[in-house]
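Residue 106 in my numbering sits at position 75 of the sequence shown, with consecutive numbering throughout.
Ideal Cβ positions, reconstructed from N, Cα and C, are used throughout, including at glycine.
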Amino acid sequence: IGYRKANLNIGLMLALVNTLGVTASCVVKGPVSFFFTLTVFIIGQFFHQFMLKILSGEEQGSGLVESALLIFQHRNPSVGVDANESKMQMIQAVDTPFRAILKAASNIIPDFNNFSSAAAYIENGFDVPWSSAVLPAIATFVGFFIPCVLIGAACLKYRELEAK
Numbered sequence: 032i033g034y035r036k037a038n039l040n041i042g043l044m045l046a047l048v049n050t051l052g053v054t055a056s057c058v059v060k061g062p063v064s065f066f067f068t069l070t071v072f073i074i075g076q077f078f079h080q081f082m083l084k085i086l087s088g089e090e091q092g093s094g095l096v097e098s099a100l101l102i103f104q105h106r107n108p109s110v111g112v113d114a115n116e117s118k119m120q121m122i123q124a125v126d127t128p129f130r131a132i133l134k135a136a137s138n139i140i141p142d143f144n145n146f147s148s149a150a151a152y153i154e155n156g157f158d159v160p161w162s163s164a165v166l167p168a169i170a171t172f173v174g175f176f177i178p179c180v181l182i183g184a185a186c187l188k189y190r191e192l193e194a195k
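Laid out in structure tokens, this is it:
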């Protein structure tokens, strides 16, 4: 039964990736849709937790402009940028929209780690619990499936179809 629960998680992940690809293909051509879906999957699978750590302040990092200045000055993030207080406030003000974009991306891109959490239970010989492994995967799938279907249907209905 645990193996079937893990397979359900994998099936939900595959269905979500397929849904994202079909939704994107309702807006753009096939190759662009493929690379969009691949990018969303890679970010959601490998970098979603990293985005959340940056936004919460757990991960030592800074904004785009501050990081560029650190590279330009050949400095370490633990040392910081060589700038006075007014310049640092200006740098942080410029970095604020980039942090907002990162926050929006972390809310829009699904966390695919919810789908792969059941594999750890199976690998160790335990049953997959519904509350901590299967239900988050189902909730993530349903939470992204319904808007994707609505967006895809609206895009197909209101777009201008060209002759192929």
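For the alpha helix (DSSP H) containing residue 186, list its first residue and its last residue. 166–189
Taking its Cβ as the centre, do 16 or more other Cβ atoms sit within 10 Å of residue 141, making it buried, or is it exposed? buried
Next item on the list: Using the Cα positions of residue 79 and residue 72, report the straight-line distance between them to the nearest angstrom.
Entry: 10 Å
Going by the CB atoms, is the gap between residue 179 and residue 54 shorter than 8 Å? yes
- Item | C-beta atoms of residue 52 and residue 66 nearer than 8 Å | no
Check: Distance, Cα to Cα, residue 38 vs residue 122?
Finding: 47 Å
Review point. Which whole-angstrom value is the C-beta distance of residue 129 and residue 94, which I expect to be below 8 Å?
Key: 5 Å
Can you grab the Cα-Cα spacing for the pair residue 111 / residue 118, in whole Å?
13 Å
Exercise for the section: Determine the direct distance from the alpha carbon of residue 163 to that of residue 153, and round the result to whole angstroms. Expected result: 14 Å
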